[in-house]
Ligand SMILES: [Zn+2]
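Residue numbers (the numbering used here): 10 to 169.
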């Protein structure tokens, strides 16, 4: 029994040494990394503090939401479907802003029949509407991307 404990200790030390090398930190710092709380729990605690509830209640709500979720349904739009829908909207000169601003229900008459059913689906499906909303052009996101790209490129040029 003592031998097994000793060998487990050695394995632990080896794992710790490898972690320290991989992360480029000391072995005592590497030991602390493992004792940090899981990311999901930290997120739940943050939400709990914001909502004035317990972390357990937040996690239970999340679990209930996942268990009761019907997403994706057979009618849900895939990212490819959305790309085609947006192309069809462009062909009929209907803007994404127009569709999103229309709120609920999305007026399906603004597109021809094959796409009208997709718009009908968007009326009642929040996850699909959220996916569509991420397709909206955003000046702020464009600027963020350009800044990110500039930093990356200048770093890459500096290293070449
Ligand atoms: Zn859907």
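We put the CB at the ideal spot given by N, CA and C, even for glycine. All figures in this text were calculated on a predicted structure; none of them were measured in a lab.
- In the displayed model, residue 146 falls within coil according to three-state DSSP, outside both helix and strand.
- Taking 7 Å as the cut-off, the C-beta of residue 146 does not count as close to any heavy atom of ligand 1.
- Per the C-alpha coordinates, the member of 47, 160, 143 and 40 positioned closest to residue 91 is 143.
- Under the 10 Å beta carbon count, residue 145 is surrounded by fewer than 16 other beta carbons and is classified as exposed.
- The stretch 121–129 and the stretch 64–75 do not touch, with fewer than 3 CB-CB distances between them shorter than 8 Å.
- Those residues whose C-beta sits under 7 Å from the nearest heavy atom of ligand 1 are, from N- to C-terminal order along the chain, 80, 81, 82, 84, 85, 86, 130, 134, 136 and 137.
- Just measuring C-alpha positions, the residue of 167, 81 and 58 sitting nearest residue 139 is 81.
- Counting of Cβ neighbours within 10 angstroms places residue 51 among the exposed residues, the total staying below 16.
- Counting along the chain, the unbroken alpha helix (DSSP H) around residue 51 starts and ends at 48–60.
- Selection 62, 84 and 56 evaluated against residue 134 yields 84 as nearest (Cα-Cα).
- Boundaries of the alpha helix (DSSP H) harbouring residue 131: 122–133, taken from the DSSP string.
- Assignment of residue 83 by DSSP, reduced to helix, strand and coil, places it in the coil class.
- Within a 10 Å sphere around the beta-carbon of residue 141 sit 16 or more other beta-carbons, which makes this residue buried.
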